[in-house]
Amino acid sequence: MKIVLIALIGALAAILANGGIAVFNDGLRPIMPEYLEGRMKKAELAATSFALSFGLVIGFGIPISIGATILLVHSILLGTDIIGTWSPKGKIGYAVAGTIGALWGIGLLVGLQWIVNVFKKLPVNVFDSMGQIGTPVIFAFAAFPALAVAYQYGVKNGLITLTISALVRAIVARFSPIVIGTSKIALNPEGMALVTGMIVLLIYAMREKKEENSTNIAALFTERVDRIKKNVWVLAIMGALVAAATSLHILAGDPISLSLVSKGNYTDAALVALARAIGFVPLVATTAIATGVYGPVGMTFIFAAALFANNPLLAAILGFVIIFAEVYLLGGIAAFLDKFPGIKKSSDNIRTAMGQLLEVALLVGGANASNMALPGLGIFIVIGLYLLNEIAGRPIVRMAVGPIAAILVGILANILAVFGLYVPPVK
Amino acid sequence: MIRFVVGGAVDKQKVAQMIKEIGGDKVSVEIKSDIEAAMAVKNGKADYYVGACATGGGGALAMAMAILTAQKCATISMPGKPPQEADVKKAVAEGKVAFGFTNDHIEKAVPYIVNAILEK
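Protein chains in written order, with numbering that gives the first Met the number 0: chain V, 0 to 426; chain X, 0 to 119.
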């Protein structure tokens, strides 16, 4: 069932990209109308989509997926963007894109399992240490709302938010589970700290007043919004498939919830996915409205719903309904964002904050994992590679350096062991 | 005085600060939402749009492309593909007015853009 689901996701996503109905890469979306309306040639589009997505598949999606053995949605859907835009136009294109897309999905899932099996069979078992990559994320993720507040309203307010979040975390950790009568309510410290931080951020953001002569873009691009509405059924089916796969824990929408799911913290993962979705509403809504091209996972609310539901059938239904609602609310969302500029700004800052948090947390995680696989030398290599990447002008996305370095160290530990240069400690 | 607006999606503060540091008195910088920033250039209230996001083209340039047309926009760095000074100079010479790059490459992209425009 998992294989079939992934194959369907790959196939449909590639077809959506081929028809210019939905693309996953937010950077590709603005270019789609140039092609659809005849100002750009197929070859140029294909080259651009490859340049935009390939680096992220290899340098971000796949390494992060390996660390946790859950597919980061980027690895599959950035791939289907490329497949869809490379496939020919028309009915044959749909068939070609669908077939290759399905194979891509299956290949990733099977390939990931294969890599995990190989890691487990190696002389030095580095699989357990790989699990360490995501550990700092689990404790650190609740800090990002404070970071976002600091970006938007200054360091002082950020510090206040961090203090409130930390206080809530400490109190919940001390008193949970709360016993009321005979029932126990188990609250999760990190989850509650995150919710607290988000509430503070939204309170700050709601207070910002409307700017003068602001522009409601939904009114500027009505025919493009209509184009998305025309495709709502197929988009909703895509949403259902992705949601089902997410609830089966074979797919995750972002690196933070991926790490949390891999450790079994489903509620936290769902809360993070929800907070992240808030951060993506303006980006997806505005790029979609301005281009007439939607995203195969919409505004990413489907990931949160799927994790809350934790049941594939229920998740599929929710996924379908959510995408349907998102598409029909596009105009309303644009008007709302126009009325509360602070929300739109804070969403930009949420994304900045999550990115920076991951850069640090995954670097620390990568260093810890490497140190477990190859004590001492592991940390030396991870930090060395991180700095070399910096000096080289960052050919590898900063976030992925930790995981990639950890994988390399894992391989190195085995090579050294084979040559008798490293003797793994007996546990 | 060259008027910059910072749109895009992430790290706006960092981009704006950097433009000011490099350009000094010769530039003015304003942070806006991506839509407002693109509108400002279209209406002649600003000269150049710069923006960063995680891909270099999406959040960074989406609104600029929609409002100013893709012919006026240049994506100067992508994930795993750092900016090249020669490419930036060429884009400026060709009359591009909106520049997008990934937030990984801000430290290189912003100086290239600002210097190329000041030299123009």
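For each residue, glycine too, the CB sits at the ideal point set by N, CA and C. Since the structure is predicted, the reported quantities are computational estimates derived from the model, not experimental observations.
- Bounds of any beta strand (DSSP E) do not take in residue 206 (chain V), whose DSSP letter is neither H nor E.
- Taking a 10 Å sphere around the C-beta of residue 325 (chain V), we find 16 or more other C-beta atoms and assign the residue as buried.
- Where residue 99 (chain X) is concerned, the enclosing beta strand (DSSP E) starts and stops at 97-101.
- Proximity of chain X to residue 289 (chain V) at the Cβ level (cut-off 7 Å) is accounted for by 61, 62 and 65, in chain order.
- Straight-line measurement puts the Cα of residue 401 (chain V) at about 15 Å from the Cα of residue 411 (chain V).
- Using beta-carbon distances, residue 24 (chain X) does not count as an interface residue toward chain V, since no partner is under 9 Å.
- The segment 74-85 of chain X makes contact with the segment 47-59 of chain V; the number of CB pairs closer than 8 Å reaches 3 or more.
- Among the CB atoms of chain V, one or more fall inside 9 Å of the CB of residue 80 (chain X).
- Taking 9 Å as the threshold, the shortest C-beta distance from residue 30 (chain V) to chain X falls below it.
- With respect to chain V, the C-beta atom of residue 34 (chain X) has a partner C-beta closer than 9 Å.
- Non-local beta-carbon contacts of residue 60 (chain X) in its own chain, meaning distances under 7 Å to residues more than five positions away in sequence, involve 50, 72, 74, 97 and 99 in chain order.
- Secondary structure note for residue 51 (chain X): its beta strand (DSSP E) is the uninterrupted segment 47-52.
- Excluding five sequence positions before and after residue 150 (chain V), the CB atoms of its chain that fall closer than 7 Å to its own CB belong to 348, 351 and 352, given in chain order.
- The closest CA to that of residue 115 (chain X), considering only X:4, X:8, X:18 and X:13, is found on X:18.
- In the displayed model, residue 326 (chain V) falls within a helix according to three-state DSSP.
- Excluding five sequence positions before and after residue 108 (chain X), the CB atoms of its chain that fall closer than 7 Å to its own CB belong to 75, 76, 82 and 100, given in chain order.
- For residue 10 (chain X), at least one C-beta of chain V is nearer than 9 Å to its own C-beta.
- DSSP places residue 158 (chain V) in the helix class (H, G or I) of the three-state scheme.
- For secondary structure counted as the alpha helix (DSSP H) over 4 or more consecutive residues, the segment 341-394 of chain V holds these complete runs in sequence order: 376-390.
- From the listed residues V:238, V:130 and V:365, the smallest Cα separation to residue 68 (chain V) is found for V:130.
- Any Cβ of chain V closer than 9 Å to the Cβ of residue 58 (chain X) would place that residue at the interface, and such an atom is present.
- For residue 77 (chain X), the three-state secondary structure derived from DSSP is strand.
- About 6 Å separates the beta carbon of residue 271 (chain V) from that of residue 140 (chain V), a gap short enough to meet the 8 Å contact definition.
- Beyond the five residues adjoining it in sequence on each side, residue 161 (chain V) comes within less than 7 Å, by CB distance, of 142 and 145 in the same chain, given in chain order.
- Between the segment 7-15 of chain X and the segment 390-407 of chain V there are fewer than three C-beta pairs closer than 8 Å, too few to call the two in contact.
- Residue-level contact check: residue 173 (chain V) does not touch chain X, since none of the beta carbons of chain X fall below 9 Å from its beta carbon.
- Per the coordinates, the alpha-carbon of residue 305 (chain V) lies some 10 Å from the alpha-carbon of residue 299 (chain V).
- Between residue 291 (chain V) and residue 223 (chain V), the C-beta spacing is below 9 Å.
- Going by C-alpha positions, residue 190 (chain V) is about 11 Å away from residue 172 (chain V).
- Non-local C-beta neighbours of residue 196 (chain V) in its own chain, meaning closer than 7 Å and more than five positions away in sequence, comprise 141, 144, 145, 160 and 164, ordered along the chain.
- Look at the beta carbons and you see the segment 322-339 of chain V not touching the segment 60-79 of chain V: under three pairs across the two are nearer than 8 Å.
- Cα atoms of residue 317 (chain V) and residue 311 (chain V): separation of roughly 10 Å, rounded to the nearest angstrom.
- Proximity of residue 146 (chain V) to chain X, defined by a Cβ-Cβ separation below 9 Å, is not satisfied.
- DSSP, read as helix, strand or coil, puts residue 3 (chain X) in strand.
- Taking 4 residues as the shortest admissible run, the segment 226-284 of chain V contains the following complete alpha helix (DSSP H) segments, listed from N- to C-terminal end: 231-246 and 254-261.
- Just so you know, the alpha carbons of residue 89 (chain V) and residue 84 (chain X) end up roughly 39 Å apart.
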